[in-house]
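**Q** Quick note on numbering: the sequence shown equals residues 1 to 659 in this note's numbering.
The beta-carbon is built from N, C-alpha and C at its ideal position, and this holds for glycine as well.
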Amino acid sequence: FLNEHFVSIKVDREERPDVDQIYMTFVQAMSGQGGWPLNIFLTPELKPFYGGTYFPPDGRYGRPSLTQVLQNISQLWETRHGDVLNSAADLHQRLESHTGREATNLLVLTAEVLRNAARQFKDEYDPKNGGFSGAPKFPRPSEPSFLLRYGARFKDEESVRMVLHTCERMAAGGMYDQIGGGFHRYSVDAEWLVPHFEKMLYDNAQLVNLYLDAFLVSGRKEFADVARDILRYVMRDMTHPEGGFYSAEDADSEGKEGKFYCWTREELSKLLTPDEFKVAVRYFGVTEKGNFVDHSDPNPLPHQNVLSIVKPLPLLHSPEKPLTRPSGTLSPSDGEREGVRGSHENLSKDSAVLTSAKTKMFEARSKRVRPHLDDKVLSSWNGLMLGALTRAYAVLGDESYRAAAEKNLAFIQAKLWQPPQGSAALSAASGASRRDARATLFHRWRDGERDSVQLLDAYAFLLAGVMDLYEATLDPKRLEFAVALADTMLAKFYDQENGGFWQAVPDSPDLILRVKEDYDGAEPSGNSVAILALLKLGAITDRKDFKVAAEKSLRLFANKLHELPQAVPYLLMGLDYWLEEPKRAVIVGDPNATDTRALIHVAHSVYQPNKVVLGNTGPVEPFAKTLPTVDAPVVFLCTGTACQPPTKDVAKIKEMLKK
């Protein structure tokens, strides 16, 4: 019936988030709610006239079946064709009149906006399991990232505790792949135990940054270990030989959700030695019955266990009793530290036995049929992972992360970036005319082919990642490319009249209107990322146009920041950055020299999100170039034009950054 009466079009919303956003806006305006799968009925001019989310095979709970909807729409099209066209035209006109013009008054943006947002997040906090929602539970890294920044700004220990507890619980649950590293997409329960097993590049990139921040704030090595494990997974399983990062891994293999990741107790008893088996089943809480049944499967696999940390190693030999936290944590709480625990000798032995068991489990699992790999390379998500790798290099000092980041950027520049052609295409660093829209960053690459789509997310996310790479290396070429990206992004997407950034370029032939996305969901919005990136780039280069565009865009979304702050946690981080002039760590010295690299790592070893790290060459602010050069590399800590005396003293640099 569908093919007989309709032209069916399936849209991959990962490849075309711009198309998805337009029609999601329509459904939300029509019904007050949205979600996926998204089903839209369009006129031949692509204007929507009816839509909804999930239509079941059979009508239930007052919801019509898909067949009923199709029959009704077909009849309506045949009998009231003119009314349908008029309705679609009217809806399109109303949507177009409201798009991109959010600000209706001059609301003042102050620190009180941050306080109000923090109160709302705290009200939603789950004190038992961590996180800021009930089931299903998505990591949504921009939420805890904002609260961590808030805690740092206002010395709010409660916010910091909430974030660290959330990080601890997520990494102890089944949503985290305890054997192979990396996070699954979300948890179906409130305890982070049973996941939807799909793995997304964008989740894991953002979570690397979150766990690095948690490590910097707390000094707890286990948070850094989670970041390392995520990157080990991405570099092993999600990387193209030439350096690009793949998009996702499916949830199922051989038609069974979670089959690749789950274990039965019997499997482990055959695979492991008696000592390994004893430690592993207690640590991971493996039972004969199992803890996972796929109820959507008419023939689910029996006795399946999703692995989570039920008995942390310090408590492995404590009496059998329920833990206060259903899936355990990375380390015992203060109360549990007072209970029975194994001796140091037992801990050391158990740790070695557990490592051996996990190695065998990883090797055995590697022989299973893997979930399908979505091997398209998206420039937006690659920008997120570029930034994650770069920050891991800056914080942890692992040269392999820098190598992977630079290889990734080379891949993007070769496969997805098309610089402007001709003699007029001069670099921004040389003082050429700015806002050149002839350069192009394409959105998708796969098997040697790239699409022709251009999206704000691609430019904004890659800009943020390239700036991270510059701040970690002080390579002037990286800053030059960041400036070129920013200029091109402003030329193609920025709304000069009202502020904010359109999701698509103006000449997109298959879009009925342009929208400005501001919702920070599983991925942050392109507007939020662009605003923060431009604020940072403006601080590094002293380019007034970058600062003005960011500020005007912040003001466009002032209503959202005031009224619905929980919808825009990443944008709140941009506001936090804008509210006071950032600290500038100007490092004078050869970026490739060992001593200079050591100072760069010191500058990144303190949790101070409202700072920039820059050198004194390339398109940096003029003031940085006036700082005196000395025999050995030094750091100038500056605010405005006031700088502390240069130093290479590690303790002093850290102390000044913390202030």
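Return the CA-CA distance between residue 593 and residue 300, expressed in angstroms with no decimal places.
**A** Position 593 of the sequence shown, counting from 1, holds the residue named residue 593. Position 300 of the sequence shown, counting from 1, holds the residue named residue 300. One C-alpha to the other measures close to 58 Å.
**Q** Using C-beta distances below 8 Å, list every residue in its chain close to residue 466, excluding the 5 sequence neighbours before and after it, in chain order.
**A** For the purposes of this step, residue 466 is taken as the residue at position 466 of the sequence shown. Only 383, 386, 409, 478, 481, 482, 485 meet the Cβ criterion.
**Q** What does the alpha-carbon distance come out to for the pair residue 160 and residue 313?
**A** Reading the sequence shown from its first residue, position 160 is the one you call residue 160. Reading the sequence shown from its first residue, position 313 is the one you call residue 313. Approximately 25 Å between the Cα atoms of the pair.
**Q** With the cut-off set at 8 Å, would you say residue 214 and residue 167 are in Cβ contact?
**A** Reading the sequence shown from its first residue, position 214 is the one you call residue 214. Reading the sequence shown from its first residue, position 167 is the one you call residue 167. The answer is yes: Cβ separation under 8 Å.
**Q** Quick one: is residue 576 buried, meaning 16 or more other Cβ sit within 10 Å of its Cβ, or exposed?
**A** In the sequence shown, the residue the question calls residue 576 occupies position 576. Buried, since its Cβ has 16 or more Cβ neighbours within 10 Å.
**Q** Count the other CB atoms within 10 Å of the CB of residue 588; is the residue buried (16 or more) or exposed (fewer)?
**A** On the sequence shown, position 588 is the one that residue 588 refers to. Classification for residue 588: buried.
**Q** So what does DSSP say about residue 162, is it helix, strand or coil?
**A** The residue given as residue 162 occupies position 162 in the sequence shown. If DSSP states are grouped into helix, strand and coil, residue 162 belongs with the helices.
**Q** According to DSSP, which residues form a beta bridge with residue 263?
**A** By one-based count along the sequence shown, residue 263 stands at place 263. In the DSSP output, where bridge partners are listed per residue, residue 263 has 305.
**Q** Can you tell me which of 77, 163, 263, 234 puts its alpha carbon nearest to the alpha carbon of residue 223?
**A** Working through the sequence shown from its first residue, we reach residue 223 at position 223. Among 77, 163, 263, 234, the Cα nearest to that of residue 223 is on 163.
**Q** Can you tell me which of the three DSSP states residue 381 falls into?
**A** Taking the first residue of the sequence shown as 1, we reach residue 381 at position 381. Correct three-state label for residue 381: helix.
**Q** Let's test the definition: count the other Cβ atoms within 10 Å of the Cβ of residue 80 and tell me whether it reaches 16, buried, or not, exposed.
**A** The residue labelled residue 80 in the question sits at position 80 within the sequence shown. That one is exposed.
**Q** According to DSSP, is residue 661 part of a helix, a strand, or is it coil?
**A** Not covered by the structure: residue 661. The range shown for the chain is 1 to 659.
**Q** Between the stretch 106 to 126 and the stretch 67 to 80, do at least 3 Cβ pairs fall closer than 8 Å?
**A** no
**Q** Determine, using beta-carbon pairs with one atom in the stretch 220 to 235 and one in the stretch 258 to 269, whether at least three such pairs fall under 8 Å.
**A** no
**Q** Around the C-beta of residue 128, are 16 or more other C-beta atoms found within 10 angstroms, so that it is buried, or is it exposed?
**A** Taking the sequence shown and counting its residues from 1, one reaches residue 128 at position 128. Exposed, by the Cβ-count rule.
**Q** Let me confirm a value: residue 57 is counted as buried when at least 16 other C-beta atoms fall within 10 Å, else exposed. Which label applies?
**A** Start at 1 with the first residue of the sequence shown, and residue 57 comes out as number 57. By the 10 Å Cβ count, residue 57 comes out exposed.
**Q** Decide if residue 321 is buried, meaning its Cβ has at least 16 other Cβ atoms within 10 Å, or exposed.
**A** Numbered from its first residue, the sequence shown carries residue 321 at position 321. With a pLDDT of 47 at residue 321, under the threshold of 50, the modelled position of that residue is not reliable, and the figure given next carries that caveat. Flag for residue 321 reads exposed.
**Q** Tell me, which residues are paired with residue 187 by DSSP?
**A** Here residue 187 refers to the residue found at position 187 when the sequence shown is read from its first residue. DSSP, once it has assigned bridges, lists 137, 195 as partnering residue 187.
**Q** Within its chain, find whatever has a CB closer than 8 Å to the CB of residue 449; leave out the 5 residues flanking it on each side and keep chain order.
**A** Sequence index remark: in the sequence shown, residue 449 carries index 449 (1-based). Once the five neighbours on either side are set aside, residue 449 has no close Cβ partner at all.
**Q** Report yes if the CB atom of residue 527 is closer than 8 Å to the CB atom of residue 546, and no otherwise.
**A** Walking along the sequence shown from the start, residue 527 turns up at place 527. Walking along the sequence shown from the start, residue 546 turns up at place 546. Contact: no.
**Q** To the nearest angstrom, report how far apart residue 431 and residue 476 are at their CA atoms.
**A** As a first step, residue 431 must be located in the sequence shown, where it is residue number 431. As a first step, residue 476 must be located in the sequence shown, where it is residue number 476. Residue placement at residue 431 is poorly supported in this model, since its pLDDT is 37, which falls under 50; the coordinates are not used for a value here.
**Q** Kindly indicate the opening and closing residues of the beta strand (DSSP E) around residue 742.
**A** Lying outside 1 to 659, the shown extent of the chain, residue 742 is not represented and no answer is given.
**Q** Would you report the Cα separation of residue 390 and residue 616, rounded to the nearest angstrom?
**A** Within the sequence shown, numbered from 1, the residue matching residue 390 stands at position 390. Within the sequence shown, numbered from 1, the residue matching residue 616 stands at position 616. Taking the straight line joining both Cα atoms gives about 20 Å.
**Q** Excluding sequence positions up to five away, which residues of its chain have a Cβ less than 8 Å from the Cβ of residue 20?
**A** In the sequence shown, residue 20 corresponds to position 20, counting from 1. Cβ contact annotation for residue 20 (same chain, cutoff 8 Å, sequence separation greater than five): 11, 13, 38, in chain order.
**Q** Buried or exposed: which applies to residue 362, given that a residue is buried once 16 or more other Cβ atoms fall within 10 Å of its Cβ?
**A** Counting from one through the sequence shown, the residue named residue 362 turns up at place 362. With a threshold of 16 other beta carbon atoms within 10 Å, residue 362 falls short and is exposed.
**Q** Write down every uninterrupted run of the beta strand (DSSP E) in the stretch 468 to 555 whose length is 3 residues or greater and which is fully enclosed by it, in chain order.
**A** none
**Q** Under the DSSP definition of a beta bridge, which residues are partnered with residue 24?
**A** If you number the sequence shown from 1, residue 24 lands on position 24. Answer by DSSP bridge pairing: none, since residue 24 is not bridged.
**Q** Tell me which residue opens and which closes the beta strand (DSSP E) that residue 445 is part of.
**A** Within the sequence shown, the letter at position 445 stands for residue 445. 444 to 446 is the extent of the beta strand (DSSP E) around residue 445.
**Q** Looking at C-beta atoms only, is the number of pairs between the stretch 392 to 408 and the stretch 256 to 263 that lie closer than 8 Å three or more?
**A** Cβ pair count under 8 Å is below three, so no.
**Q** Determine, using beta carbons only, whether residue 375 and residue 246 come nearer to each other than 8 Å.
**A** Position 375 of the sequence shown, counted from the first residue, corresponds to residue 375. Position 246 of the sequence shown, counted from the first residue, corresponds to residue 246. Yes, the pair counts as a contact, with Cβ atoms nearer than the cut-off.
**Q** Measuring straight from C-alpha to C-alpha, what distance separates residue 406 and residue 256?
**A** Counting from one through the sequence shown, the residue named residue 406 turns up at place 406. Counting from one through the sequence shown, the residue named residue 256 turns up at place 256. Each residue's Cα considered, the two are about 37 Å apart.
**Q** Taking the CB atoms as reference points, tell me whether residue 147 and residue 121 lie closer together than 8 Å.
**A** Here residue 147 corresponds to residue number 147 of the sequence shown, with the count starting at 1. Here residue 121 corresponds to residue number 121 of the sequence shown, with the count starting at 1. Going by C-beta atoms, residue 147 is nearer than 8 Å to residue 121.
**Q** Take every Cβ of the stretch 493 to 513, pair it with every Cβ of the stretch 541 to 557, and state whether three or more of those distances are shorter than 8 Å.
**A** yes
**Q** Taking residue 594 as part of the alpha helix (DSSP H), name the residues at either end of that continuous run.
**A** To locate residue 594, count along the sequence shown from 1; it is residue 594. Start and end: 594 to 603.
**Q** Please classify residue 471 as buried or exposed, where buried requires at least 16 neighbouring CB atoms within 10 angstroms.
**A** The sequence position of residue 471 within the sequence shown is 471, counting from 1. Flag for residue 471 reads buried.
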